[in-house]
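Asks: Before I ask anything, let me first share the structure, which is written out below as structure tokens.
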DNA sequence: CGGTGTCCGTGCGGTGGCGTACATATTCCC
DNA sequence: GGGAATATGTACGCCACCGCACGGACACCG
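Protein chains in written order, with this note's numbering: chain A, 1 to 258; chain B, 1001 to 1258.
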């Protein structure tokens, strides 16, 4: 139904799209399309990575799972980035898990091939390091957000981050899944989502969420989304970002959340 | 009194110490010793960096300050690392602030000189990227810790992180400062520190904290400290870490915190 | 030696989120 | 089409932490 089975071109991933033709040309033969179903684990903590993944229309969460089983999302990666920075950063593994949060496709590449190109000190190195810095920004802001903001605000932030990485305004994910990502109770998400629905900002039913009023969502969110978004645009400005969400100004003022 | 005015050698910084002789030799002429008093701001959000700092016996916090004025520490950097990764990562600035948390010295270097060496694709590049990954780990774990752990546990984690970056077991910092770093109320720190004092784990008075029982501190801390420590040791194993804190096993079991 | 500022202790009401338990509703699948 | 699995709604007590307010203690300095 709502799936988009269009064959993914490398240009669907922003990093690949930003590469000069010659670099991309060298990489193309090694890129292989893979399907990423919901819940698929790309790597576990400590795993030595063998591939990097460039999502085209999938979204992958970097999730830390604690001894107690509780979890918290560190960052989210979509067609704006890649999975597996530890490969070129040198560590080869991380203490977190990469898990598919929204099903879709990605382009996969053997890690060694990427490292080879990285080590030519080509444009790829510069690009990947800038992307890594934007990822760092996201992680830092997640830490701040976890400390100071309400579940309501965090839900808004999270929806916006996910929305930016998808086409359209529809998300296929349950409240339980969102709760795991935010590291809160499922009931907390139910309540927060209920408020948003009453305000007419979103609409949801059994694992499907539709954003009706993105501008309102941005207003209800904490500053964290804007900070990450702005910094990402600054660091990686080479593509016109898909949703023209910047003009978030909406004439009639929105009601508060509670 | 308790200051250590010994002249700092490059070897006091672990990153510099880990560099091959030829690389270090190229960098030495550009390294300049600077004193970093408590509270000094090395950069503000958005500042274009002109120098990088290699702390020798100072500690610097990467702090995010929100619109409301509330703050939260993203990561802490001491003689294990450097301030200014955004220079070689390509962004040139970050949304956070770097502020001296414990007075001491550092070696300063013009950013361009570092970039030059970085761009030779020398050992420096590999080293700095690995260090950056360890910093990423610390940020990610901060996010998790902020979400799930109590002030008591976080204080322990924070003390341990600071302790690892100093010689001796004495910290010169007020509870108010710690509260700002953790992003909690000052009173919360007072209570948590009071518990630790009653247990005989630490001793403090007017801005001076002495750790009496480091092993106990590690037991009372959440897993976050161990995760960061372990990952850092894995990523940057080239120097015998100063405090031999690994044998944290202590025969008599410790009482719980409350 | 007294005064002033910094630092720490303590108390009190309020509340957001947690843990738990259970009720309802929708989809899936046989 | 009926039963099971999944997804969402609601309710209740509890507690860590917050915001605020104030009191006491030590330290420095003129």
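Ideal Cβ placement from N, Cα and C applies to all residues, glycine included.
Fair warning: this is a prediction, and the values are worked out from it, not measured in the lab.
Excluding the 5 residues flanking residue 266 of chain A on each side, which residues of the same chain have their C-beta closer than 6 angstroms to its C-beta?
Replies: This structure cannot speak to residue 266 of chain A, because chain A is shown only from 1 to 258.
Asks: Compute the distance between the beta-carbons of residue 63 of chain A and residue 71 of chain A, then report whether it is under 7 angstroms.
Replies: The answer is yes: Cβ separation under 7 angstroms.
Asks: Would you report the Cα separation of residue 1076 of chain B and residue 132 of chain A, rounded to the nearest angstrom?
Replies: Computed Cα separation, rounded: 19 angstroms.
Asks: To be precise: take each residue of the segment 1119 to 1148 of chain B, compare its Cβ to all Cβ atoms of chain A, and keep it if any distance is under 7 angstroms. Which residues remain?
Replies: Per Cβ criterion, the list reads 1121, 1126, 1129, 1130, 1132, 1133, 1136, 1137, 1139, 1140, 1142, 1143, 1144, 1146, 1147, 1148.
Asks: Comparing C-alpha positions only, which one of B/1120, B/1233, B/1136, B/1222 sits nearest to residue 1157 of chain B?
Replies: Comparing Cα positions, the closest option is B/1222.
Asks: Does DSSP classify residue 96 of chain A as helix, strand or coil?
Replies: If DSSP states are grouped into helix, strand and coil, residue 96 of chain A belongs with coil.
Asks: Measuring only between beta-carbons, confirm whether residue 255 of chain A sits less than 7 angstroms from chain B.
Replies: With a pLDDT of 43 at residue 255 of chain A, under the threshold of 50, the predicted position of this residue should be treated as unreliable, and no value is reported.
Asks: For residue 1036 of chain B and residue 1100 of chain B, which I take to be in contact (beta-carbon distance under 8 angstroms), what is that distance rounded to the nearest angstrom?
Replies: The pair is a contact, with the Cβ atoms about 5 angstroms apart (cut-off 8 angstroms).
Asks: Put residue 1027 of chain B into one of helix, strand or coil per three-state DSSP.
Replies: Note: residue 1027 of chain B maps to helix in three-state DSSP.
Asks: I need the straight-line Cα distance from residue 179 of chain A to residue 234 of chain A, nearest angstrom please.
Replies: Approximately 30 angstroms between the Cα atoms of the pair.
Asks: At a CB distance below 7 angstroms, what residues from the segment 1064 to 1092 of chain B approach chain A? Give them in sequence order.
Replies: The residues in question are 1064, 1066, 1067, 1070, 1072, 1074, 1086, 1089, 1090, 1091.
Asks: Could you tell me if the beta carbon of residue 1177 of chain B falls within a distance shorter than 6 angstroms of some heavy atom in the ligand FAD?
Replies: The ligand FAD is absent from the structure shown, which contains no ligand whatsoever.
Asks: Residue 235 of chain A CB to nearest chain B CB: under 7 angstroms?
Replies: Chain B, which has a Cβ nearer than 7 angstroms to the Cβ of residue 235 of chain A, makes this yes.
Asks: Go to residue 1209 of chain B, then tell me how far its beta strand (DSSP E) extends in each direction, as first and last residue.
Replies: Run containing residue 1209 of chain B: 1208 to 1211, per the beta strand (DSSP E) assignment.
Asks: Quick check on this structure: which residue in A/16, A/65, A/90 has the alpha carbon closest to the alpha carbon of residue 96 of chain A?
Replies: It is A/65.
Asks: Give the residues of chain B in contact with residue 95 of chain A, contact being defined as C-beta atoms less than 7 angstroms apart.
Replies: Within chain B, the residues near residue 95 of chain A are 1137, 1227, 1231.
Asks: Any Cβ of chain B within less than 7 angstroms of the Cβ of residue 183 of chain A?
Replies: With 7 angstroms as the cut-off, residue 183 of chain A counts as an interface residue toward chain B.
Asks: Residue 151 of chain A and residue 184 of chain A: beta carbons closer than 7 angstroms?
Replies: Yes, the Cβ-Cβ distance between residue 151 of chain A and residue 184 of chain A is below 7 angstroms.
Asks: Taking the alpha helix (DSSP H) that residue 121 of chain A belongs to, which residues open and close that run?
Replies: Where residue 121 of chain A is concerned, there is no enclosing alpha helix (DSSP H), given that its DSSP letter is neither H nor E.
Asks: May I ask which residues mark the beginning and end of the alpha helix (DSSP H) holding residue 1214 of chain B?
Replies: Residue 1214 of chain B -> alpha helix (DSSP H) spans 1214 to 1220.
Asks: Please report how far the alpha carbon of residue 1254 of chain B lies from the alpha carbon of residue 141 of chain A, in whole angstroms.
Replies: Here residue 1254 of chain B scores only 41 on pLDDT, less than 50, and its place in the model should not be relied on; the value that follows carries that caveat. So the alpha carbons of these two residues sit roughly 35 angstroms apart.
Asks: Hey, how far is the Cα of residue 1110 of chain B from the Cα of residue 1030 of chain B?
Replies: Spanning the two alpha carbons is a distance of roughly 7 angstroms.
Asks: Given 8 angstroms as the limit, is there contact between the segment 83 to 94 of chain A and the segment 120 to 139 of chain A, that is, 3 or more CB pairs closer than that?
Replies: At 8 angstroms Cβ cutoff, the stretches touch.
Asks: Since residue 81 of chain A contacts residue 15 of chain A with CB under 8 angstroms, what's their CB separation in whole angstroms?
Replies: Yes, they are in contact, since the Cβ atoms of residue 81 of chain A and residue 15 of chain A sit about 6 angstroms apart, within 8 angstroms.
Asks: Cutting at 8 angstroms between CB atoms, please list the residues of its own chain near residue 1093 of chain B, excluding the five before and the five after it.
Replies: Result list for residue 1093 of chain B: 1043, 1045, 1046, 1047, 1048, 1049, 1086, in chain order.
Asks: Tell me whether residue 227 of chain A is buried or exposed, calling it buried when 16 or more other Cβ atoms sit within 10 Å of its Cβ.
Replies: Residue 227 of chain A is buried by the Cβ-count criterion.
Asks: Helix, strand or coil for residue 130 of chain A? Go by DSSP, reduced to three states.
Replies: Correct three-state label for residue 130 of chain A: helix.
Asks: Looking only at its chain, what residues have a beta carbon closer than 6 angstroms to the beta carbon of residue 294 of chain A, apart from the 5 residues adjacent to it on each side?
Replies: Only positions 1 to 258 of chain A appear in the structure, and residue 294 of chain A is not among them; the question remains open.
Asks: Just to confirm the assignment, what range does the beta strand (DSSP E) spanning residue 1194 of chain B have?
Replies: Note, residue 1194 of chain B: premise wrong, no beta strand (DSSP E); alpha helix (DSSP H) at 1186 to 1198.
Asks: In chain order, what residues of the same chain have a beta carbon less than 6 angstroms from the beta carbon of residue 196 of chain A, not counting five sequence neighbours either side?
Replies: Closer than 6 angstroms at Cβ, skipping near neighbours: 202.
Asks: Suppose you measure from the CA of residue 1019 of chain B to the CA of residue 1167 of chain B; what does that come to, to the nearest Å?
Replies: Each residue's alpha carbon lies about 22 angstroms from the other.
Asks: Which one or two residues does DSSP pair with residue 1071 of chain B in a beta bridge?
Replies: Answer is B/1065.
Asks: Based on the DSSP output, what are the partners of residue 1102 of chain B in its beta bridges?
Replies: Per DSSP, B/1059.
Asks: Let me make sure I understand the geometry here. Which of B/1206, B/1169, B/1205, B/1138 has the alpha-carbon closest to that of residue 1229 of chain B?
Replies: Considering only alpha carbons, the answer is B/1138.
Asks: Which stretch, first to last residue, makes up the alpha helix (DSSP H) that contains residue 1014 of chain B?
Replies: Element bounds for residue 1014 of chain B: 1014 to 1017.
Asks: Check each candidate in B/1161, B/1121, B/1116 and name the one with the smallest Cα separation from residue 1073 of chain B.
Replies: Minimum Cα distance to residue 1073 of chain B is reached at B/1161.
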